[in-house]
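Heads up, the thing below is written out as structure tokens.
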Amino acid sequence: MVEPGRPWRRHVHWLWLSLMSFTALMLLIAYQTRWVYPEIQAYFSQSGNLTGQQLATRSRDYLQLGLDQLLQAPDEPETRESAHFQIKLAYSLFDIGLYRREYDCTVPSLAAIDDLLLRLEGAAPVAASHLRESLLAPMRCLTRIEMHQLDRRSAITAEFVDKTRRHQGQVLAGSLVIFALGLGFWLMHELQRRRADRSARESLEWMSRALRDPLTGVGNRSALHDDVVAARGRSLGLLLVDIDYFKQYNDSLGHPAGDRLLRRLVELIEFNHGQKASLYRLGGDEFAVLFECQDDQILFHSCRQLVEALRSATIPHPSHPHADHVTFSVGAARFTAGHARFEAGYAAADAALYEVKAQGRDGWRVANLDTSIVAG
Amino acid sequence: MLNLGHKVRFPAPGLLIVGLLLGSTAQANPDTLQLRDGDRDITLSVEALRERADVEFRFYEPYLTEDTEMRGLVFRDLLIEHFGRVPPQLHFQAWDDYDVTLAGWDDPNWILVTHQNGEPISLRDRGPLRLVERDYGNRDPDNLRNFNDWVWMIRSIEAVW
Numbered sequence: 024m025v026e027p028g029r030p031w032r033r034h035v036h037w038l039w040l041s042l043m044s045f046t047a048l049m050l051l052i053a054y055q056t057r058w059v060y061p062e063i064q065a066y067f068s069q070s071g072n073l074t075g076q077q078l079a080t081r082s083r084d085y086l087q088l089g090l091d092q093l094l095q096a097p098d099e100p101e102t103r104e105s106a107h108f109q110i111k112l113a114y115s116l117f118d119i120g121l122y123r124r125e126y127d128c129t130v131p132s133l134a135a136i137d138d139l140l141l142r143l144e145g146a147a148p149v150a151a152s153h154l155r156e157s158l159l160a161p162m163r164c165l166t167r168i169e170m171h172q173l174d175r176r177s178a179i180t181a182e183f184v185d186k187t188r189r190h191q192g193q194v195l196a197g198s199l200v201i202f203a204l205g206l207g208f209w210l211m212h213e214l215q216r217r218r219a220d221r222s223a224r225e226s227l228e229w230m231s232r233a234l235r236d237p238l239t240g241v242g243n244r245s246a247l248h249d250d251v252v253a254a255r256g257r258s259l260g261l262l263l264v265d266i267d268y269f270k271q272y273n274d275s276l277g278h279p280a281g282d283r284l285l286r287r288l289v290e291l292i293e294f295n296h297g298q299k300a301s302l303y304r305l306g307g308d309e310f311a312v313l314f315e316c317q318d319d320q321i322l323f324h325s326c327r328q329l330v331e332a333l334r335s336a337t338i339p340h341p342s343h344p345h346a347d348h349v350t351f352s353v354g355a356a357r358f359t360a361g362h363a364r365f366e367a368g369y370a371a372a373d374a375a376l377y378e379v380k381a382q383g384r385d386g387w388r389v390a391n392l393d394t395s396i397v398a399g
Numbered sequence: 008m009l010n011l012g013h014k015v016r017f018p019a020p021g022l023l024i025v026g027l028l029l030g031s032t033a034q035a036n037p038d039t040l041q042l043r044d045g046d047r048d049i050t051l052s053v054e055a056l057r058e059r060a061d062v063e064f065r066f067y068e069p070y071l072t073e074d075t076e077m078r079g080l081v082f083r084d085l086l087i088e089h090f091g092r093v094p095p096q097l098h099f100q101a102w103d104d105y106d107v108t109l110a111g112w113d114d115p116n117w118i119l120v121t122h123q124n125g126e127p128i129s130l131r132d133r134g135p136l137r138l139v140e141r142d143y144g145n146r147d148p149d150n151l152r153n154f155n156d157w158v159w160m161i162r163s164i165e166a167v168w
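So the protein lines, in turn, are chains F and G. Mind the numbering: the first sequence is residues 24 to 399 in our numbering, read in order. Mind the numbering: the second sequence is residues 8 to 168 in our numbering, read in order.
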């Protein structure tokens, strides 16, 4: 089960499954090439090992050699000794448990060869009848064994080929299934990853929207708070800007015109402060401007510049009681970013703003947190 | 054990016949074992090896298809004694002209057998010296191709470095 808050785990599982599938495929291929094929070589090679050539064939060859020697000079001691050696080799290659068990001619043949060996060890003559019984009969037996073993080997080979073909088919099918699984798991991983990315993007977008004012596109009160917290320890200037007689403006020109005035104000402030400052709409017609401010002189300068810029815009206000254009009131304070200092800075700027309003609006005040106030 | 890369040469039948008619094998002496290490030749008496045989065990002999008592020497020890260390490969020649080069002898499981059921083995019993694996694990003894590395009737052993 996927733990809440850790959606990445789900697609990591798919990735693991995919990697495991491809690893299993590699192992299967390695097994086939590294272990199975040498086994085939060991079992079916006709040379290069002890039983590559049939023992019966080798035994028969030595019996033939012995027979050849004895037919040429059966009474010569050296020939008899050499033939004795060949026939002993033939006996040793013939005396195999498998042959004894499966071919009834083996035991009598070995006994007949033993008789001839005894005869050759002594001085007894070797007649044609002895050769027929002790060599030709065993050779016939060995030929029978050879033929039968060849038939058996052919049958085993055919069976092996058939089995190998089936096995290869199964391995191929298995490989394809594993490959398809690996691919499927990887696709699932990719889908999950894309879904998670999309979800993260949407969350970020929603979070961003939650911090912005939909009408003007600037930050809202929460964004102001977050930015102050993020700038902890830095010296900041805060300007609170209020449109004088905004209600009257709305009443006379309508709310759409009021909305346009708010957006125009945003443009003016942004133009005046540029990229160095952040702008927030705190509600209604009240705006805040936040910027890095190392000393009060900069703050005075900012206030003065802003109010003059707004005045020079001369936006018409038909229901203003004291002027024919829109006027603004600005309260300002400088503080060190941090939760408690922000509360104090905000309260001081707000107090300065209300002082401007109380003294007839269309002006600015800078509140010093040490209570002295500079106005213009 | 698989026998990859092993080399076997069976002499052409014509050459074999000529050689045999000249009496090379008939005059040979199966009572000795020849060891060769480069230019150095060592001749060991089979009888001496039989006397030194100190390893006894009983196992199912796949070529005889019956339980058999074996006696012999640990082959690795013999190689170290005469070659200084175990050569990476050995070239064997057998009395039946079987000829093979095999690797993997640094293993005490290989026994140079001199006796079978209490009796010294001779050419007639695939002797006088035979190499077998004392423990062949779970290989099927009914399939003789599982025992292709066994060497019978050993005549000479040459170190291949």
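We put the CB at the ideal spot given by N, CA and C, even for glycine.
Burial state of residue i (16 or more Cβ within 10 Å)
{"i": "G/Thr50", "result": "exposed"}
{"i": "F/His212", "result": "buried"}
{"i": "F/Val200", "result": "exposed"}
{"i": "F/His278", "result": "exposed"}
{"i": "F/Phe294", "result": "exposed"}
{"i": "G/Val139", "result": "buried"}
{"i": "F/Gly386", "result": "buried"}
{"i": "F/His324", "result": "exposed"}
{"i": "G/Thr32", "result": "Residue confidence is low: G/Thr32 scores 45 on pLDDT, short of 50, so the model does not pin down where it sits. Its coordinate-derived value is still stated next. Counting Cβ neighbours within 10 Å, G/Thr32 comes out buried, since at least 16 surround it."}
{"i": "G/Pro135", "result": "buried"}
{"i": "F/Gln4", "result": "Outside the displayed range of chain F (24 to 399) lies residue 4 of chain F, so it cannot be described from this structure."}
{"i": "F/Thr102", "result": "buried"}
{"i": "F/Thr46", "result": "exposed"}
{"i": "G/Asn150", "result": "exposed"}
{"i": "G/Asp114", "result": "exposed"}
{"i": "G/Leu29", "result": "In this predicted model, G/Leu29 has a pLDDT of only 41, less than 50, meaning its place in the structure is not dependable; the value taken from the coordinates is given anyway. The residue is exposed, with fewer than 16 neighbouring Cβ atoms inside 10 Å."}
{"i": "G/Met8", "result": "The predicted model places G/Met8 with a pLDDT of 31, which falls under 50 and marks its position as unreliable; any figure quoted below should be read in that light. It counts as buried."}
{"i": "F/Gly306", "result": "exposed"}
{"i": "G/Arg78", "result": "buried"}
{"i": "G/Gln34", "result": "Because the pLDDT of G/Gln34 is 45, which lies under 50, any placement of that residue in the model is unreliable, and the number read from its coordinates should be weighed accordingly. The residue is exposed, with fewer than 16 neighbouring Cβ atoms inside 10 Å."}
{"i": "F/Trp229", "result": "exposed"}
{"i": "G/Gly45", "result": "exposed"}
{"i": "F/Ala372", "result": "buried"}
CB of residue i within 7 Å of CB of residue j, strictly
{"i": "F/Cys316", "j": "F/Gly361", "result": "no"}
{"i": "F/Leu204", "j": "F/Ser44", "result": "yes"}
{"i": "F/Cys326", "j": "F/Val349", "result": "no"}
{"i": "G/Ile161", "j": "G/Leu97", "result": "no"}
{"i": "G/Phe99", "j": "G/Val158", "result": "yes"}
{"i": "F/Tyr126", "j": "F/Ile168", "result": "yes"}
{"i": "F/Arg384", "j": "F/Asp267", "result": "yes"}
{"i": "G/Gln65", "j": "G/Glu54", "result": "Checking the displayed sequence, the identity of residue 65 of chain G turns out to be Arg instead of Gln. Contact flag unset, no."}
{"i": "G/Asn116", "j": "G/Arg141", "result": "yes"}
{"i": "F/Val139", "j": "F/Ser157", "result": "It should be noted that the sequence gives Leu, not Val, for residue 139 of chain F. A contact, by the Cβ cut-off of 7 Å."}
Beta bridge counterpart(s) of residue i as assigned by DSSP
{"i": "G/Ile49", "result": "G/Leu42"}
{"i": "G/Thr75", "result": "G/Phe66"}
{"i": "G/Trp117", "result": "G/Glu140"}
{"i": "G/Gln100", "result": "G/Asp106, G/Ser163"}
{"i": "G/His122", "result": "G/Arg78, G/Pro127"}
{"i": "F/Phe351", "result": "F/Ile266"}
{"i": "F/Pro339", "result": "F/His348"}
{"i": "G/Val4", "result": "With chain G covering only 8 through 168, there is no way to say anything about residue 4 of chain G."}
{"i": "G/Val158", "result": "G/Leu138"}
Closest by C-alpha distance to residue i, when choosing among the options
{"i": "F/Asp250", "options": "F/His343, F/Ala300, F/Leu90", "result": "F/Ala300"}
{"i": "G/Asp38", "options": "G/Trp102, G/Leu85, G/Asp147, G/Asn153", "result": "G/Trp102"}
{"i": "F/Leu133", "options": "F/Ala151, F/Leu93, F/Ser152, F/Ala79", "result": "F/Ala79"}
{"i": "G/Val93", "options": "G/Arg162, G/Phe99, G/Asp84", "result": "G/Asp84"}
{"i": "G/Asp147", "options": "G/Ser52, G/Tyr67, G/Glu126", "result": "G/Tyr67"}
{"i": "G/Leu130", "options": "F/Leu116, F/Ala372, F/Arg287", "result": "F/Leu116"}
{"i": "F/Leu112", "options": "F/Ala374, F/Gln87, F/Pro100, F/Pro131", "result": "F/Gln87"}
{"i": "F/Leu376", "options": "F/Leu38, F/Asp265, F/Thr359", "result": "F/Asp265"}
{"i": "F/Trp3", "options": "F/Asp274, F/Ala178, F/Leu206, F/Glu225", "result": "What is shown of chain F runs 24 to 399, which leaves residue 3 of chain F out entirely."}
{"i": "F/Pro131", "options": "F/Ala146, F/Tyr114, F/Glu144", "result": "F/Tyr114"}
{"i": "F/Met170", "options": "F/Thr187, F/Gln76, F/Leu139, F/Met230", "result": "F/Gln76"}
{"i": "F/Ala146", "options": "F/Cys164, F/Thr180, F/Glu228, F/His107", "result": "F/His107"}
{"i": "F/Arg124", "options": "G/Pro69, G/Gln41, G/Glu58, G/Val167", "result": "G/Pro69"}
{"i": "G/Ala60", "options": "G/Ile128, G/Arg43, G/Trp168, G/Gly91", "result": "G/Ile128"}
{"i": "F/Ser342", "options": "F/Tyr272, F/Val330, F/Arg57, F/Leu51", "result": "F/Tyr272"}
Distance cut-off 6 Å: residue i Cβ against heavy atoms of the ligand NAP
{"i": "G/Leu136", "result": "Because no ligand of any kind appears in the structure shown, any question about the ligand NAP cannot be addressed here."}
Could you tell me which uninterrupted alpha helix (DSSP H) segments, each at least 4 residues in length, are contained entirely in the stretch 236 to 320 of chain F, listed from first to last along the chain? Whole alpha helix (DSSP H) segments, 4+ residues: 244 to 253, 269 to 276, 278 to 296.
Residue ranges of each alpha helix (DSSP H) run of no fewer than 4 residues wholly in the stretch 147 to 200 of chain F, ordered along the chain? For the stretch 147 to 200 of chain F, whole alpha helix (DSSP H) runs of length 4 or above, ordered along the chain, are 151 to 154.
Within the stretch 97 to 143 of chain F, note down every full alpha helix (DSSP H) run reaching 4 residues or more, in order along the chain. Whole alpha helix (DSSP H) segments, 4+ residues: 100 to 117, 120 to 125.
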